[in-house]
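Engineer:
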Amino acid sequence: MRSRILATALAAALGATVAGCGGDGSGGKDTAPLDAGTKVSITVGCMPAKSQAAQRKEWLEDVAAFQKLHPNITVVGKDAFPCIDPNTFQAKLAGGQMEDVYYVYFTDVRGIIANGQAADITPYIGQSKQYPSVDPAVEKVFKDGGKVYGLPRQNYSMGLFYNRTLFKKAGLDPDRPPTTWAEVREDAKKISALGGGTVGYAEFSAKNQGGWHFATSIYSQGGDMVTADGRKTAFNGPQGKAVLQNLKDMRWTDDSMGSKQLLVDADVQRMMAAGKLGMYLGAPDNATALVDQFKGRYDDYGMAPIPGSAGTLMGGDGYLFSPKASPEKIKAGLMWLDYYALTPGQGQLNYARAAKDGRPVGIPQPKLFGQNATGEKDRQLRADAANLPVANFKPYEDAYARVPGKLEPPQAQQLYTILDSVVQAVLTRRDANIDQLLADAQKKADAALARSGN
Numbered sequence: 011m012r013s014r015i016l017a018t019a020l021a022a023a024l025g026a027t028v029a030g031c032g033g034d035g036s037g038g039k040d041t042a043p044l045d046a047g048t049k050v051s052i053t054v055g056c057m058p059a060k061s062q063a064a065q066r067k068e069w070l071e072d073v074a075a076f077q078k079l080h081p082n083i084t085v086v087g088k089d090a091f092p093c094i095d096p097n098t099f100q101a102k103l104a105g106g107q108m109e110d111v112y113y114v115y116f117t118d119v120r121g122i123i124a125n126g127q128a129a130d131i132t133p134y135i136g137q138s139k140q141y142p143s144v145d146p147a148v149e150k151v152f153k154d155g156g157k158v159y160g161l162p163r164q165n166y167s168m169g170l171f172y173n174r175t176l177f178k179k180a181g182l183d184p185d186r187p188p189t190t191w192a193e194v195r196e197d198a199k200k201i202s203a204l205g206g207g208t209v210g211y212a213e214f215s216a217k218n219q220g221g222w223h224f225a226t227s228i229y230s231q232g233g234d235m236v237t238a239d240g241r242k243t244a245f246n247g248p249q250g251k252a253v254l255q256n257l258k259d260m261r262w263t264d265d266s267m268g269s270k271q272l273l274v275d276a277d278v279q280r281m282m283a284a285g286k287l288g289m290y291l292g293a294p295d296n297a298t299a300l301v302d303q304f305k306g307r308y309d310d311y312g313m314a315p316i317p318g319s320a321g322t323l324m325g326g327d328g329y330l331f332s333p334k335a336s337p338e339k340i341k342a343g344l345m346w347l348d349y350y351a352l353t354p355g356q357g358q359l360n361y362a363r364a365a366k367d368g369r370p371v372g373i374p375q376p377k378l379f380g381q382n383a384t385g386e387k388d389r390q391l392r393a394d395a396a397n398l399p400v401a402n403f404k405p406y407e408d409a410y411a412r413v414p415g416k417l418e419p420p421q422a423q424q425l426y427t428i429l430d431s432v433v434q435a436v437l438t439r440r441d442a443n444i445d446q447l448l449a450d451a452q453k454k455a456d457a458a459l460a461r462s463g464n
């Protein structure tokens, strides 16, 4: 959750920068494997911090195992928490101070590539044996003009997070969560009718998170935030109005959203962990946050696909390569990422080890692979090592492949700021005029896009 919120802030900061000069890895034709006699040292970003004891231990184990397989390659991890600081990332990019293999959010990849700050790794992509198995929707995040610039590490897509215990108390089947917004509305009424301060459905509406969730909801309705060329807004239409009308109806007609509004992620998670909230939009890793930060129980939570399933907001992170990196460094970096990030049963996907180390296993995240043998192996290994109720996430996981994932829009943070006030108005004013709110927001957002040069 923290990474996704930081990502939207960073996306706003990424503007026009001085393009980095192309390194040896840009436009090369060398497809030969890395010579075992060639000594290579690579720096890699986002090594787990010391405060993440289990993850740090596993990283060091992976580096040692990888270097035993490839004694000619030295992996030098660079740790920081968080892995990206929006206040310094832009300057480091512009100054060419990034690691050979550096960490990025999905939302920033396009701008970085456009500014010439990432190496074209297409000639060397064969070094990654698992690359052909990567989910095409995830793969395309790191491609531009047919060229490949990076590999994924983590990914997520938004769905409906719900409280199975409250579903049972309200007479609802927790194994059959709502699949449409109309069903969400009906179920929210039944849950809120339990009384005792119980809220059926909650929505973020402050600190730009209201705009972020508006984007998620409009995607679920089949709409878009911006036009295909990114130059104009597209949210002032039937789908955007449907999102706001549904919130207004639940808030004022049904009284299923409670009276306390202007909520952010921590507020909503606290309500859910306390057993006072039925549903909200989130990604699978919300379960870990509820348990680790708010003392919830995995058995109480379930995950369903986004209502409507016409689309959902997707995000994640991965690695790009410095434009200064030599072909040897690029090849070594690809070999490391293939080992660490993309091979089921080892590296970050070593679920048995994670469970042994006391980390939660069984949440359907990341989902890096397509509908293929590698993806099936990853899913099976995760299920075999699971130490939490995997079945609670089955509705979400079963629908994952058929719900299109869409990235955040250009100038996401600015658009979210503008739409925050729209969502706030609908949730705090009974007489809020949806048409007028969207029209005003459209003017402001179109101006913001025009200033950005999209």
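If you're matching positions, the sequence shown starts at 11 in this note's numbering and goes up one per residue. Note that the Cβ used here is the ideal one computed from N, Cα and C, for glycine as well.
#1: Per DSSP, what are the beta-bridge partners of THR243 in this structure?
#2: CB ASN402 to CB PRO370, shorter than 8 Å?
#3: Are three or more beta carbon pairs between the segment 126 to 146 and the segment 381 to 392 nearer than 8 Å?
#4: Indicate whether LEU437 and GLU213 have their beta-carbon atoms separated by less than 8 Å.
#5: CA-CA distance, LEU330 and ALA411?
#6: Which residue or residues does DSSP assign as beta-bridge partners of GLN164?
#7: Kindly identify the DSSP beta-bridge partner or partners of MET289.
#8: Return the bridge partner residues of VAL9 from the DSSP annotation.
#9: How far does the alpha helix (DSSP H) with THR384 in it reach, from first residue to last?
#10: Suppose only complete runs of 3+ residues qualify. What are the beta strand (DSSP E) ranges in the segment 257 to 281, listed by chain order?
#11: How would you call PHE91, buried or exposed, if buried means at least 16 neighbouring beta carbons within 10 angstroms?
#12: Rank ASP295, TRP346, ASP183 and LEU170 by C-alpha distance to the C-alpha of THR84 and give the top, closest one.
#13: Give the list of continuous beta strand (DSSP E) stretches no shorter than 3 residues that lie fully inside the segment 68 to 98.
#14: Is the separation between the beta-carbon of ILE122 and that of VAL114 shorter than 8 Å?
#15: Exposed or buried, GLN303, counting other C-beta atoms within 10 Å across all chains shown (16 or more means buried)?
#16: So MET168 and LEU273 are supposed to be a Cβ contact under 8 Å. How far apart are they, rounded?
#17: Under the three-state reduction of DSSP, which class applies to GLY357: helix, strand or coil?
#18: How is MET57 classed by DSSP in three states: helix, strand or coil?
#19: What separation, rounded to the nearest whole angstrom, lies between the Cα atoms of GLY105 and SER462?
#20: Quick one: what's TYR426 bridged to in DSSP?
#21: Under the rule that 16 or more other beta-carbon atoms within 10 Å means buried, what is SER36, buried or exposed?
#22: Tell me where the beta strand (DSSP E) around GLY221 begins and ends.
#23: Could you check where the beta strand (DSSP E) with ALA335 kicks off and where it finishes?
#24: Report buried or exposed for LYS339, applying the criterion of at least 16 other Cβ atoms within 10 angstroms of its Cβ.
#25: Apart from the five residues just before and just after TRP191, which ones in its own chain have a Cβ nearer than 7 Å to its Cβ?
#26: Tell me whether GLY33 is buried or exposed, calling it buried when 16 or more other Cβ atoms sit within 10 Å of its Cβ.
#27: To which residues does DSSP link GLY312 through a beta bridge?
#28: My output table needs one value for ASP154: the three-state DSSP class, helix, strand or coil.
#29: Exposed or buried, which one is VAL54 when buried takes at least 16 other CB atoms within 10 Å?
#30: When the Cα atoms are used, what is the spatial distance from MET108 to ASP95?
#31: In this structure, how does DSSP classify VAL50 when only helix, strand and coil are distinguished?
#32: Is VAL413 helix, strand or coil by DSSP?
#33: Below 8 Å CB to CB, which residues in the same chain sit around GLU305 once its five sequence neighbours on both sides are set aside?
#34: Expressed to the nearest angstrom, what Euclidean distance is found between the alpha-carbon atoms of ASN360 and GLY326?
#35: For THR190, name the three-state secondary structure that DSSP assigns.
#36: In terms of residue numbering, what span does the alpha helix (DSSP H) encompassing PHE304 cover?
Structural biologist: Working from what's here:
#1: Looking at the DSSP output, THR243 bridges to VAL236.
#2: Not in contact: ASN402 and PRO370 (Cβ atoms no closer than 8 Å).
#3: Yes, since at least three Cβ pairs between the segment 126 to 146 and the segment 381 to 392 fall closer than 8 Å, the two stretches touch.
#4: For LEU437 and GLU213, yes; Cβs fall inside 8 Å.
#5: The straight-line gap separating the alpha-carbon atoms of LEU330 and ALA411 is approximately 26 Å.
#6: For GLN164, the pairing in a beta bridge is given by DSSP as ASP327.
#7: Per DSSP, TYR172 and TYR211.
#8: Limits of the chain in this structure are 11 at one end and 464 at the other, which puts residue 9 out of reach.
#9: That run of the alpha helix (DSSP H) goes 383 to 394.
#10: List check, beta strand (DSSP E) in window: nothing returned.
#11: Burial call: exposed.
#12: Nearest of ASP295, TRP346, ASP183 and LEU170 to THR84, Cα basis: TRP346.
#13: Runs found: 83 to 89.
#14: Going by C-beta atoms, ILE122 is nearer than 8 Å to VAL114.
#15: Classification of GLN303: exposed, given that the 10 Å Cβ count is below 16.
#16: Separation of the CB atoms of MET168 and LEU273 is rounded to 17 Å, and the pair is thereby denied contact status at 8 Å.
#17: Residue state, collapsed to three classes: helix.
#18: In the displayed model, MET57 falls within a strand according to three-state DSSP.
#19: Taking the straight line from one Cα to the other gives about 22 Å.
#20: Its beta-bridge partners do not exist; DSSP assigns none.
#21: Unreliable positioning characterises SER36 in this predicted model, as indicated by a pLDDT of 39, which lies under 50. The coordinate reading is nonetheless provided below. Counting Cβ neighbours within 10 Å, SER36 comes out buried, since at least 16 surround it.
#22: GLY221: not part of any beta strand (DSSP E); member of the alpha helix (DSSP H) spanning 219 to 230, first to last residue.
#23: Taken as a continuous stretch (DSSP letters only), ALA335 belongs to no beta strand (DSSP E), as it is neither H nor E.
#24: The residue is buried, with at least 16 neighbouring Cβ atoms inside 10 Å.
#25: If you ignore the 5 residues before and after TRP191, its C-beta comes within less than 7 Å of the C-beta of ASN256, PRO317 and GLY318, all in its own chain and listed in chain order.
#26: Caution applies to GLY33, whose pLDDT of 39 falls short of 50 and renders its modelled position unreliable; the model cannot decide the point.
#27: BP columns for GLY312 point to TYR172.
#28: Strand.
#29: By the neighbour-count criterion, in which 16 or more other beta carbons inside 10 Å mark a residue as buried, VAL54 falls on the buried side.
#30: A direct Cα-Cα distance of roughly 12 Å separates MET108 from ASP95.
#31: Residue state, collapsed to three classes: strand.
#32: VAL413 falls in the coil class under three-state DSSP.
#33: According to the sequence as given, residue 305 is Lys; it is not Glu. So the qualifying residues of the chain are ALA283.
#34: Answer to the nearest angstrom: the Cα atoms are 19 Å apart.
#35: Reduced to three states, the DSSP call for THR190 is coil.
#36: Start and end: 296 to 304.
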